[in-house]
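Beneath this line is the structure, given in structure tokens, with notes to follow.
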Amino acid sequence: MDNQKLAQSIVENLGGENNISNLTNCITRLRIDLKSRSNVDLEALKQLEGILSVIDQGTIQIVLGPGKVTKVANEIHENTTISVEVEEEEDNSEFDMASDTKASYKAKQTSMFQQLFRHIGNIFVPIVPGLVASGLMLGIANLITNLANPDAGILDPSVLETDWFMLLSAIGNLLFGSLGVFVGINTAREFGGTMVLGGITGLLIYAPVLGDVDSLSLFGIDLNLSPGLGGLLGVIAAAYLFTQIEKFTRKRMADSLDLVFTPLITVMAGSLITIVLIQPLAGLLMDGITWFLVDVMLQTGGILGGYVLAATFLPLVTVGMHQGLIPVHLELINQYGSTTLLPILAMAGGGQVGAMIAIYIKAENKRLKNTVASVLPVGFLGIGEPLIYGVSLPLGRPFITACLGAGFGGAFLSLFSVGAITVGPSGVVLIPLIADNKYLLYIIGLLISYAGGFILTYLFGYKEEMVEKLYGKETMKTKAATPTQQEETIINSPLSGELRPLNELSDEVFATESVGRGIAIFPSEGKLYAPADGKVTTVFPTGHAIGITTDNGMELLLHLGLDTVDIKDNVFEVNVTKGEEVKKGRLLCTFDMKAIAGKGFDRTSPIVITNSDDYTEIAPVNHKQIEAGDKLFTVK
Numbered sequence: 001m002d003n004q005k006l007a008q009s010i011v012e013n014l015g016g017e018n019n020i021s022n023l024t025n026c027i028t029r030l031r032i033d034l035k036s037r038s039n040v041d042l043e044a045l046k047q048l049e050g051i052l053s054v055i056d057q058g059t060i061q062i063v064l065g066p067g068k069v070t071k072v073a074n075e076i077h078e079n080t081t082i083s084v085e086v087e088e089e090e091d092n093s094e095f096d097m098a099s100d101t102k103a104s105y106k107a108k109q110t111s112m113f114q115q116l117f118r119h120i121g122n123i124f125v126p127i128v129p130g131l132v133a134s135g136l137m138l139g140i141a142n143l144i145t146n147l148a149n150p151d152a153g154i155l156d157p158s159v160l161e162t163d164w165f166m167l168l169s170a171i172g173n174l175l176f177g178s179l180g181v182f183v184g185i186n187t188a189r190e191f192g193g194t195m196v197l198g199g200i201t202g203l204l205i206y207a208p209v210l211g212d213v214d215s216l217s218l219f220g221i222d223l224n225l226s227p228g229l230g231g232l233l234g235v236i237a238a239a240y241l242f243t244q245i246e247k248f249t250r251k252r253m254a255d256s257l258d259l260v261f262t263p264l265i266t267v268m269a270g271s272l273i274t275i276v277l278i279q280p281l282a283g284l285l286m287d288g289i290t291w292f293l294v295d296v297m298l299q300t301g302g303i304l305g306g307y308v309l310a311a312t313f314l315p316l317v318t319v320g321m322h323q324g325l326i327p328v329h330l331e332l333i334n335q336y337g338s339t340t341l342l343p344i345l346a347m348a349g350g351g352q353v354g355a356m357i358a359i360y361i362k363a364e365n366k367r368l369k370n371t372v373a374s375v376l377p378v379g380f381l382g383i384g385e386p387l388i389y390g391v392s393l394p395l396g397r398p399f400i401t402a403c404l405g406a407g408f409g410g411a412f413l414s415l416f417s418v419g420a421i422t423v424g425p426s427g428v429v430l431i432p433l434i435a436d437n438k439y440l441l442y443i444i445g446l447l448i449s450y451a452g453g454f455i456l457t458y459l460f461g462y463k464e465e466m467v468e469k470l471y472g473k474e475t476m477k478t479k480a481a482t483p484t485q486q487e488e489t490i491i492n493s494p495l496s497g498e499l500r501p502l503n504e505l506s507d508e509v510f511a512t513e514s515v516g517r518g519i520a521i522f523p524s525e526g527k528l529y530a531p532a533d534g535k536v537t538t539v540f541p542t543g544h545a546i547g548i549t550t551d552n553g554m555e556l557l558l559h560l561g562l563d564t565v566d567i568k569d570n571v572f573e574v575n576v577t578k579g580e581e582v583k584k585g586r587l588l589c590t591f592d593m594k595a596i597a598g599k600g601f602d603r604t605s606p607i608v609i610t611n612s613d614d615y616t617e618i619a620p621v622n623h624k625q626i627e628a629g630d631k632l633f634t635v636k
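Here you go:
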């Protein structure tokens, strides 16, 4: 299905463009707010070719994958009156789940603990593109430094003294020198405060003057001050405090004095509380987290700790809690020069890649294989969401085996303390950011995670019956009915009229049999009948298309006219509802042929079997004219 048709179908199954109140284009998905759910067909959405997954958390999330989602969003924008918002901050889907928190807040069962981590995610996600760019620049500088080492003998060591190299290093370090300011600004924005006041908290926490104060006491208590105490968690807490002080003061301040005194009181009171209370407490919390992850899990836990961290990371990703680790990574980099935690957690994506390869090899369902083939390349690049939400998580067991397989890669890296010099992407894209020339060790760990996910999924994680969870019961039913399908199955004509081959149609989607094999009918009567016994699985809101699944699992699409989705008038009168059982010959719909022609639309109607790949032979009758109820297909 091409992007234009997919966009049209998405809008149709969401109740039409007038039912969509907000549509946001993220890097891998569309996030859609609806006015009403009465005409929404999520099951039909899930069956559309090109859609990897549909997630309903109050806001409808349609996962299409990187690149394709932008093309589909553009088609929606160009062909409807829907305004499409673009989330520019979502440049790497390792951090994509946290950017979904606006939708997640609408879910009824969201704990305060989850919301805390999602707030942290919303604070850091807009900074991620800068972190990635700065990190890669530092990675390039790091690579040049290694190549210019006299032992390497590849580059002249004098290159490290050139202005261009120093400029490259300086630009790479720019963001990290002011990171607290950006975190403070985003925290204030997240909680409804003035952003510049939030930025001041970042300057305050890292102010060099704090290290120059010899002694400072309050009520006889000596305050131990040092720049950076509390780290970025301290900045978040301080900026949140500033926001609350600002709101409290503004409500009680006269309008004429607000501009001057509200910011003044906010900064003075907030700074005092930050220095006296927030910095020491945040410092203790940060030290505790670092102690647990580094000293306990990695140094004391060793191989076991590395395995557990890598194996349990993806469950955190699925609920967005992984965002809370971003300030931890940055604090480790600040203290030790690199984060050994990030490469270990990156193995989780490697396990998913291995699982996808195993599923591709074992799967018999063609649509599943196509889905895996489309998401696998971005998985190697560290973009794991399409793999997780499009395949492994809906199937269930492969998600678990992928996590367990990833643990082996994490265990290997924990043996050698492989670190990253900055926060950035995972997968093979993380290689330039690996510290201390341990590139090969990281690559070996990644290969181990690929192998672990592959072996466990191939042996224990995938069974063909699981396809039902992705593509509905019809797929399983078709599979089970294979022996019956080898017998001749007759599908009757739902229309009277002139038969035409699909390849003569002006609609490329039908002409190329992208949605399935079949035949077209130029109707002579405005009545559509059920071609076989079965269940109505889809009724498009416009009434121009009806889907039926027969009792033996054949999926039929009865499409009245070409491009008739654009007809807004009541041309089609549907007599059945989704989920209704129908008998062969039942009148499904009446339609006004003259009105269709009068509006400039072709009433030629494709009749296709959308699961054609499950059949060895689909033979339309060799006639020019046909009456409703006559034999149309012979299917084996």
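Counted from 1, the sequence shown has number 153 at position 153 by the UniProt record's numbering; the numbering is strictly sequential. Idealized CB from N, CA, C, for every residue including glycine. Model, not experiment: these values are computed from the prediction.
Counting only runs of 3+ residues, the beta strand (DSSP E) found wholly inside the segment 199-280 occupies 216-218, 221-223, in chain order.
In terms of CA proximity to residue 613, 368 leads the group 340, 368, 339, 21.
Residue 185 holds the alpha-carbon nearest to the alpha-carbon of residue 124 among 185, 450, 440, 442. Taking every protein chain shown into account, the CB of residue 310 has 16 or more other CB atoms within 10 angstroms, so this residue is buried.
With three or more CB-CB distances shorter than 8 Å, the segment 531-542 counts as touching the segment 5-24. Assignment of residue 592 by DSSP, reduced to helix, strand and coil, places it in the coil class.
According to DSSP, residue 492 shares a beta bridge with 631. Between the segment 274-293 and the segment 228-238, the count of C-beta pairs closer than 8 Å reaches three or more; the two stretches touch.
Residues 530, 533, 534, 535, 536, 548, 576, 588 of the same chain have their beta carbon placed closer than 8 Å to that of residue 582, with the five preceding and five following residues left out of the count.
Secondary structure of residue 636 (DSSP, three-state): coil. When only Cα atoms are considered, residue 567 and residue 392 end up about 39 Å apart. In this structure, DSSP gives residue 573 an extended state, which the three-state scheme calls strand. Taking C-alpha positions only, residue 356 is separated from residue 8 by approximately 30 Å. Minimum Cα-Cα distance from residue 37 among the listed residues 21, 199, 46 corresponds to 21.
Judged by DSSP in its simplified three-state form, residue 74 adopts helix. Residue 351 sits away from residue 382, with the two beta carbons spaced by 8 Å or more. In the displayed model, residue 39 falls within coil according to three-state DSSP, outside both helix and strand. Bridge partners of residue 167 according to DSSP: none are assigned. In the displayed model, residue 540 falls within coil according to three-state DSSP, outside both helix and strand. Residue 49 holds the alpha-carbon nearest to the alpha-carbon of residue 4 among 39, 49, 116, 44. C-alpha of residue 423 to C-alpha of residue 560: approximately 53 Å in a straight line. Annotation: residue 31 is outside any alpha helix (DSSP H); the continuous beta strand (DSSP E) that includes it extends over 29-34. Sequence-distant Cβ neighbours of residue 494 in its own chain, meaning closer than 6 Å and more than five residues away, are 528, 529, 531, 558. The residue from 332, 274, 463 with its alpha-carbon nearest to that of residue 358 is 463. Inter-residue distance for residue 601 and residue 388 is about 41 Å (C-alpha atoms, whole angstroms).
Annotation: residue 343 is outside any beta strand (DSSP E); the continuous alpha helix (DSSP H) that includes it extends over 341-362. The segment 247-267 makes no contact with the segment 297-309; the number of CB pairs closer than 8 Å stays below 3.
Annotated as distal: residue 564 and residue 556, with beta-carbon spacing of 8 Å or more. Per DSSP, the continuous alpha helix (DSSP H) segment holding residue 443 begins and ends at 439-456. In the DSSP assignment, residue 526 falls outside any alpha helix (DSSP H) and carries neither an H nor an E. In the three-state reduction of the DSSP assignment, residue 365 falls in the coil class, being assigned neither a helical nor a strand state. Residue 605 is bridged by DSSP to 521. One Cα belongs to residue 447, the other to residue 409, and the distance between them is close to 8 Å. In its chain, beyond the 5 residues on either side, 154, 155 have a beta carbon closer than 7 Å to the beta carbon of residue 147.
A Cβ-Cβ distance of about 6 Å is found for the pair residue 343 and residue 442, placing them in contact under the 8 Å criterion.
An exposed status is given to residue 292, since fewer than 16 other beta-carbon atoms sit within 10 Å of its beta-carbon.
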